[in-house]
Structures are given as C-alpha cells and as structure tokens.
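Working notes, beginning with the structure itself.
Protein chains: 2
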Amino acid sequence: MSGKERLPVTGAQGDLLRLVAGGQAESRAELARLSGLAASSVSLRVEELLEAGLLVETGSGVSRGGRRPRRLRLAPNAGVLAVADLGVHHVRLGLLDLSGHPLTVQERAADITAGPETVLDWLADAFDDLLDTHAPPGVPLRGVGTGIPGPVDPATRRVVGPSRMPGWNNFPVAEYLGARYDLPILVENDANLMAIGEARSWPGCDNLMVLKTGTGIGCGVIVNGRLHRGRGAAGDISHVRVRTDFSKVCACGHSDCLEAYASGAALIAALAEAGVSVERTGDIARLVGDAVPEATSQVRTAGRLIGEVLTVLVNFFNPDVIAVGGSLSAAEPLIAAIRASVYERCLPLATRDLEIAPARSGKEAALLGAGTLLLDAVL
Amino acid sequence: MSGKERLPVTGAQGDLLRLVAGGQAESRAELARLSGLAASSVSLRVEELLEAGLLVETGSGVSRGGRRPRRLRLAPNAGVLAVADLGVHHVRLGLLDLSGHPLTVQERAADITAGPETVLDWLADAFDDLLDTHAPPGVPLRGVGTGIPGPVDPATRRVVGPSRMPGWNNFPVAEYLGARYDLPILVENDANLMAIGEARSWPGCDNLMVLKTGTGIGCGVIVNGRLHRGRGAAGDISHVRVRTDFSKVCACGHSDCLEAYASGAALIAALAEAGVSVERTGDIARLVGDAVPEATSQVRTAGRLIGEVLTVLVNFFNPDVIAVGGSLSAAEPLIAAIRASVYERCLPLATRDLEIAPARSGKEAALLGAGTLLLDAVL
DNA sequence: AGAACTTCCTTCGATATCGAAGTTAAAGCG
DNA sequence: CGCTTTAACTTCGATATCGAAGGAAGTTCT
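From first to last, the protein sequence lines stand for chains A and B. Quick note: the first sequence uses the working numbering, first residue 1, plus one each step. Quick note: the second sequence uses the working numbering, first residue 1001, plus one each step.
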C-alpha cells in the first residue's frame, strides 16, 4: 500500500493496459487497431505484460471469419481500487478490480452534513474494512476515488459552492484522502462519474448526456468519449429557467429554476401539498407504479419541464444518447414525457438517431465511472 | 494542379508542419514541446523539411533567457489554398498561403438560389480567376474549401435541409468540386468555419461558442480546441423556443423560435412594422449607431432573447469564451444585452472567467477557418 | 472434402525515435 | 568585462517501432 508511483509499465504498455482495462480491446489485433501501433509492436508489449503478470490470456474469443483471437484480460491479482459514491444520506462503496469490475459493493447510511473530516475518516475506515474482508490476499490497493454530490473544481479538486453540504465548501478532499493513502486519489462530481460509468454501456456513442434525477437534478456530459468539465460545473442544468404557469423561488435565489419544479425534492413538496405524503425520492416511482394519479401527474410535468430544457441542449450539442438515471427514472412517465418534448421540438437532424433511454448501468454507474477515471491515473 | 495526394511528408513531418502552419510553434524547441517528440527528432525532421523547401528559417526570434530560437516559417511557395464563404447574397473568396494567411480576399455578389451547379461553376471560375491574377507563379494549388450557409452532414458532406437554399438539398458539393479539382476539398457549415477561424484568435481558450448574428442566427462550437459537429447540426440554436409576450410562428413550423424574433430578418420585419425601412442586416447596426430608438430597442430585445438561450448553454457547456460575430454584432447594445442576461442568471462557477466579447477575427473569420481545416487535409 | 480467403499473430531486418551529453548563443550579474 | 545561468539546438549510440513476409488457425465457397 506504499508508493504513489504507477504500475511498473512504460508508456506504450500503459496505453495497451488501459485499452484492455477499459473493455475496449480483448485481443492483440484489437489493440493494434485501437492503439495505432503496429501489430508486431503490440505483440512485443503484450508479451512483456504477460510476463510481468499484469495481463493473462483466457482462452480464445469469437472468430470474425479467420483465426480466433486469443482473449486478453487484466490479471485478477494486479490490484484493486477502492471507490465510493457519496450521497446526501447514503454512501455506496466498493472494491473494483483493475478492469473496473466490482468485487464487492455495499450501501451504508451516512450523513454528509457531519462535515468533511468526519465523513472522510469514516469512509476510509469503511474502505479498510472492505479491504480486510473482501479483497483477495496479497492484491495491492492501487487507487482511491469518490464521487461528491456537489461541484468539484477540476483544477484544485476542492468542493466549491455545494448546496446541500454544509462545511464542505472549499475543502481539499483529495489532499485529505491523500494524507491517508499514498496512492492516486480521484475526487469528482457524482453526476460526472455516473456519466463516465454509463458511457461504457453505450459502445460506439461518443457524445452522451447522462441525467441523474434524484433529490436534485444532475447531468454529466461526455464529448468525444471523454468527460466534459468546462470550468468545473459543466452539465449543471438544475438552475436553468423554465416556462411555467406560476412562479416559484428557488433556494439559489432565482425564480423558476428547473430544480424548483422537477427535482425529487420539489415533487415531494408538491405531493405533500396535494395531500400525498412521501418521504424519499425513490418512493415517488413506487407511487407512480401503483398508479397514484397525483404522483403520475407530477412526474409527467417534471418530465415535460426537463424535456423542454433538453430541447435547447439537443439542438446545441447533438448527442447520440440521453441516458436518464437516478431514482426518479424508475417512473416510466418521466422518460415518456422527456421524449415527447424533445422529439416534438428539436431539429430532425438532431433527433434522427438520438436515443433517449433509461440508464443501462444501474446503481453502480458512479462507482464504475470512478474506476474508469482512476484507471487513467493508475495504469 | 494534379495529384490528390498530400504534400510529400511523412507522419511526423506533417505534425510539425501543421504546428508551424497553425501558428502554434515558431522554433524547433516549441515544436518539441508541442509535438511531444524529442528535441533531437524534431531537429532531424525540420532539417528534412528545410531541404524539401517546405519550411524556411527567417532570422531569429525573441530570447527567453538563453540562446535565441531560429524562427521557422512555411515556405511561401509551398502552395496556396482557395477558400470561399458562400452567403445568401454574397460570396467572400480568397487565396491563402499554407500558413492560413490571406494573400487576397474579395467579396462578390452572388445568388445562392441559382442552384448548386450554377453557383459552384461560377465559384470555380472565380477561383481560377484569382489564381491567374493573384497567385505567385509556380506555386501550386493544394486545396479548395467553401462554407455553406446551411447544415452540412459531416458523414456525406452534403447539404441537408437548408432553409434558404432551394435546390441544394442533398447536393454532393464536395464531389462536384472534386470533379473539377483533383485536390482535398472541404465543405462545411459557415458558422462552423467562423468558429474555427475565431478560435485562432483566442489562444489558450479550448471551449468556445461563436455566434454569427446576421440574416439568421448561427453558432459554432469548439470543444477542447476542436470543432464539435455532433450529428451534423451541433450549435444550431436558431429554432430554440424563447419566452416572449406575444407568439410568432417561425418558418420552420414551430412557434416562438429564437430566429423568429432575434435574427436580422426578424428585426428588419419588426422595424418595417414600426415604420423604419431597412434593406440589409448590416444597416441595422448603422441605425443603432445613429441612435434610432426603434432600432436600438429591437436590438436590445434580440440580445436579451439570445442571452436567455445562452444562459442554458453556458450552464451546460461552461465555455471560456462566447464570441459574437456577424453583421448585427456591430450594434453595441446587442452584446450588452447578452452579457446582462447571462451574467444575471448563470452559475457563478460558469461565469467566473467567462468572456463575452465581439468576435476578434473580422469578416475573414470563415475563410481563415476554412484554411485551418484544409491544412489538416493537406499537410 | 479441398481450395481459397480472412483474420490473428509472430519473426526479423530496416527505420524512426529517444535521451544523455555536448555545443552554440544568448541573457543576467558582480 | 568575464563568469554563471539559461535556453536552443546537435551529435550519437541505445532503444522502440514499423512493415513486409510468413505461419497458424479459423471460415466460406465450390
């Protein structure tokens, strides 16, 4: 667990390892195509990686009309990653192998308002616990990463101006964890991590928007296969102004923000007014499933508002995919309403091959995304 | 004028040439830093390029504390590019050297509604004319490019669904020009070209939005220093819905499109209703300069509407710069109104270092952009 | 079943790139 | 002015990459 240095690989070896770890290549031939290296060079490097015990050959793959490829995998004992997805009330955390596949995942209750030191100490203890109980013996920890339910400045890797995280503003999360783990540390906004994780489930799609509809509304943007951070807050559409019949003031001080109408928190408040008591965002989808009319109507309205914001973004950005995740996305009318808005209003060229679909990668999306980003730092 | 092949350069040589041509590097040392190659390798390749007559040394540059760099330039006789920016009523066309600097630029009246064959034949004749009269003798033509005032499908390089170009739909512009010139041919949307040209004027800024406010409203998007095309129509914000007091139906069939209120064409119509007769979009800025109240008021409203659309995009995309060009941008209240909307409504993290400014690169922006893109195909 | 592809991977000599050490030419300074 | 420092380039042996040719292991066509 010592040594902040990467694995003992040269540049070209690292590129190849990343391609295998990222699931983009499974054979020498694919590596050659994707890396741009000559097939002969790939063979040489792969040979070295096999000898170093970082790669293993696991049988052969499917023929594409000729000789079958010899399938390459990352060695299971090359290392593990410890990753977490900090939420407001819950934390998901787990261990991944260096292919980014989960070895174990847990969800634990946690209160992020307890402040950064308390939460991060607790998190590190939880990691140690997981490593003791679930990591194969002798396999080294190679990196630590966590998602944060608020904006993270990519330059300083500090939390900046979070709305639901008192005490965290400007806290140097990466440094604090770095003091405990002498390893690559990743700190990133949770919607961004989710977007990266989700992108792995859409091969061939280079431009995605990934919505996280939960207590708040988050959005991660993948451009050209890579996370777009902008100045640090890219994808933040929660305070975009929407067209509505009556006016609401948002917690941010502006009026008519999307979040004030279409977030899980807003829906819970609206349902309470209508006499329907809901405690958690996840329960809204259940009410919709039980055909409670107030819930369905509210979700439909939220979908329409989100969809109207998306029309602008679809025309502007022309994504291949809009993946909708988060606990609200389990309510079917949400995506239906989003689709209706977008397809009705957007340019044909922009919607021709646009797919608007539920997120494919489930609850672990953010953890997988953390793994994917960490691999770039580790390999 | 024969030979569709590129210049006789190997891969690494091409990279170096592109860096010099793009104005990013002027010395061997800069080339080494930017290309990632070892200094020794750079020296070898540069030596070859000098011998091949593609590069020339032109004295020495400014010392940065040590020995002065030996300044490198593209050889003036390495070739020329013929580029055009097709508008609805006018065409700008010119010759560029392989550094992308204009040798000569002209504006000629032309009617794009005459149909593609007529216009493109006329354009090619105009190119030949320019080459005869303004190209240094013996310098070969290396590439041809043109901007189109409508959407261009990047896959097929055909015009798709243009609004003001009858007869052009699905016309294979690149193929048609390719039959006349056996050279790399570039065909691209005009706002996209303008964005690329403008981006060269903002060194260090990797994420830009470039607005073209003329008869219509165009927008080009630069992400990570490269043009973002999406599925072909990225940046097209002209048919985004805006919040207004009264409702208008746009030519596209939807109601309340941005273009129906804030485009030059819309302003001319609105001014006519107010009893102010304007013929061309460029005259609106003149009226504003003469403090005609109706014009100022209309432009301010247009700016506010554009700004409101931009708030969504700024939160989402987090650009470094919004550059506003086109004939309307000469009207100062336009940018002032855009700034007011964006700064009032957007997230602090997104506007902290955001610059909203008039385009820097003038009327030739699209031609320069065409040159920049062509260089990638030629070098 | 046999011949003809196709694809995957390896071998080996030719070539390109690297990087450490040296050279050249300037700026900064007492 | 001469000394040190800095940066720009060059030289040259070590190393990495390439690419053509060929072998291995399939599929497809006849």
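For each residue, glycine too, the CB sits at the ideal point set by N, CA and C. Because the structure is a prediction, the values reported are computed rather than measured.
Span separating the alpha-carbon of residue i from that of residue j
i: residue 1235 of chain B; j: residue 185 of chain A; result: 36 angstroms
i: residue 155 of chain A; j: residue 1348 of chain B; result: 16 angstroms
i: residue 1322 of chain B; j: residue 1049 of chain B; result: 38 angstroms
i: residue 1002 of chain B; j: residue 1139 of chain B; result: Its pLDDT being 35, under 50, residue 1002 of chain B is placed unreliably in this model, and the coordinates cannot settle the point.
i: residue 4 of chain A; j: residue 1174 of chain B; result: Low confidence applies here, because residue 4 of chain A scores a pLDDT of 44, under 50, leaving its location unreliable; read the following figure in that light. If I take the Cα positions, the gap works out to 52 angstroms.
i: residue 287 of chain A; j: residue 296 of chain A; result: 8 angstroms
i: residue 281 of chain A; j: residue 239 of chain A; result: 19 angstroms
i: residue 87 of chain A; j: residue 285 of chain A; result: 19 angstroms
i: residue 366 of chain A; j: residue 210 of chain A; result: 11 angstroms
i: residue 1274 of chain B; j: residue 1305 of chain B; result: 19 angstroms
i: residue 12 of chain A; j: residue 371 of chain A; result: 21 angstroms
i: residue 1060 of chain B; j: residue 80 of chain A; result: 53 angstroms
i: residue 377 of chain A; j: residue 53 of chain A; result: 19 angstroms
i: residue 1083 of chain B; j: residue 1096 of chain B; result: 8 angstroms
i: residue 1135 of chain B; j: residue 1122 of chain B; result: 19 angstroms
i: residue 1230 of chain B; j: residue 1191 of chain B; result: 14 angstroms
i: residue 114 of chain A; j: residue 23 of chain A; result: 38 angstroms
i: residue 325 of chain A; j: residue 246 of chain A; result: 28 angstroms
i: residue 1143 of chain B; j: residue 1033 of chain B; result: 29 angstroms
i: residue 137 of chain A; j: residue 241 of chain A; result: 53 angstroms
i: residue 315 of chain A; j: residue 1046 of chain B; result: 44 angstroms
Range of the contiguous alpha helix (DSSP H) that encloses residue i
i: residue 332 of chain A; result: 332–345
i: residue 1057 of chain B; result: Residue 1057 of chain B -> not in any alpha helix (DSSP H); beta strand (DSSP E) instead, spanning 1055–1060.
i: residue 1374 of chain B; result: 1365–1378
i: residue 177 of chain A; result: 173–180
i: residue 85 of chain A; result: No alpha helix (DSSP H) contains residue 85 of chain A, which is instead part of the beta strand (DSSP E) from 80–86.
i: residue 354 of chain A; result: Unbroken run through residue 354 of chain A: none, as it is neither H nor E.
i: residue 1146 of chain B; result: Not the alpha helix (DSSP H): residue 1146 of chain B falls in the beta strand (DSSP E), residues 1141–1148.
i: residue 1315 of chain B; result: 1293–1317
i: residue 47 of chain A; result: 39–51
Chain-order list of residues whose beta-carbon lies under 8 angstroms from that of residue i (same chain, five-residue window excluded)
i: residue 373 of chain A; result: 145, 186, 188, 193, 196, 227
i: residue 379 of chain A; result: 6, 7, 9, 14, 17, 18, 21, 98
i: residue 451 of chain A; result: Summary: the structure shown does not reach residue 451 of chain A, with chain A confined to residues 1 through 379, and so no result is reported for it.
i: residue 1202 of chain B; result: 1208, 1320, 1321, 1323, 1360
i: residue 339 of chain A; result: 307, 356
Cut-off 6 angstroms between Cβ atoms - residues of its own chain near residue i, not counting five sequence neighbours on either side
i: residue 225 of chain A; result: 206
i: residue 164 of chain A; result: 88
i: residue 1308 of chain B; result: 1341
i: residue 1345 of chain B; result: 1311
i: residue 1160 of chain B; result: 1151, 1153
Residue range of the unbroken beta strand (DSSP E) whose run includes residue i
i: residue 74 of chain A; result: 70–74
i: residue 1396 of chain B; result: With chain B covering 1001 to 1379 only, the question about residue 1396 of chain B has no answer from this structure.
i: residue 95 of chain A; result: 90–97
i: residue 1116 of chain B; result: No beta strand (DSSP E) holds residue 1116 of chain B; the alpha helix (DSSP H) holding it covers 1116–1134.
i: residue 209 of chain A; result: 208–213
i: residue 1187 of chain B; result: 1185–1189
i: residue 109 of chain A; result: 102–109
i: residue 1220 of chain B; result: 1217–1223
Sequence-distant residues of the same chain with beta carbon closer than 7 angstroms to residue i, five excluded per side
i: residue 300 of chain A; result: 333, 337
i: residue 1368 of chain B; result: 1100, 1197, 1200, 1361
i: residue 1162 of chain B; result: 1150, 1151, 1168, 1169
i: residue 271 of chain A; result: 278, 294, 295, 298
Reference residue i; option with closest CA among the options
i: residue 57 of chain A; options: A:83, A:100, A:72; result: A:72
i: residue 243 of chain A; options: A:204, A:277, A:256, A:342; result: A:256
i: residue 1302 of chain B; options: B:1059, B:1341, B:1137; result: B:1341
i: residue 172 of chain A; options: A:148, A:344, A:309, A:316; result: A:148
i: residue 1130 of chain B; options: B:1094, B:1158, B:1157; result: B:1094
i: residue 375 of chain A; options: A:74, A:128, A:27, A:38; result: A:74
i: residue 1092 of chain B; options: B:1204, B:1229, B:1126; result: B:1126
i: residue 222 of chain A; options: A:353, A:132, A:354, A:317; result: A:317
i: residue 1078 of chain B; options: B:1069, B:1237, B:1068, B:1051; result: B:1051
i: residue 1153 of chain B; options: A:352, A:233, A:132; result: A:352
i: residue 1182 of chain B; options: B:1141, B:1159, B:1158, B:1157; result: B:1141
Notebook entry, point to check: Between the segment 103–119 of chain A and the segment 62–70 of chain A, are three or more C-beta pairs nearer than 8 angstroms?
Noted result: no
Next item on the list: Report yes or no: do three or more beta-carbon pairs, one from the segment 350–360 of chain A and one from the segment 318–330 of chain A, lie closer than 8 angstroms?
Entry: yes
Checklist line | Contact the segment 1257–1277 of chain B vs the segment 1201–1215 of chain B: 3+ CB pairs below 8 angstroms | finding: yes
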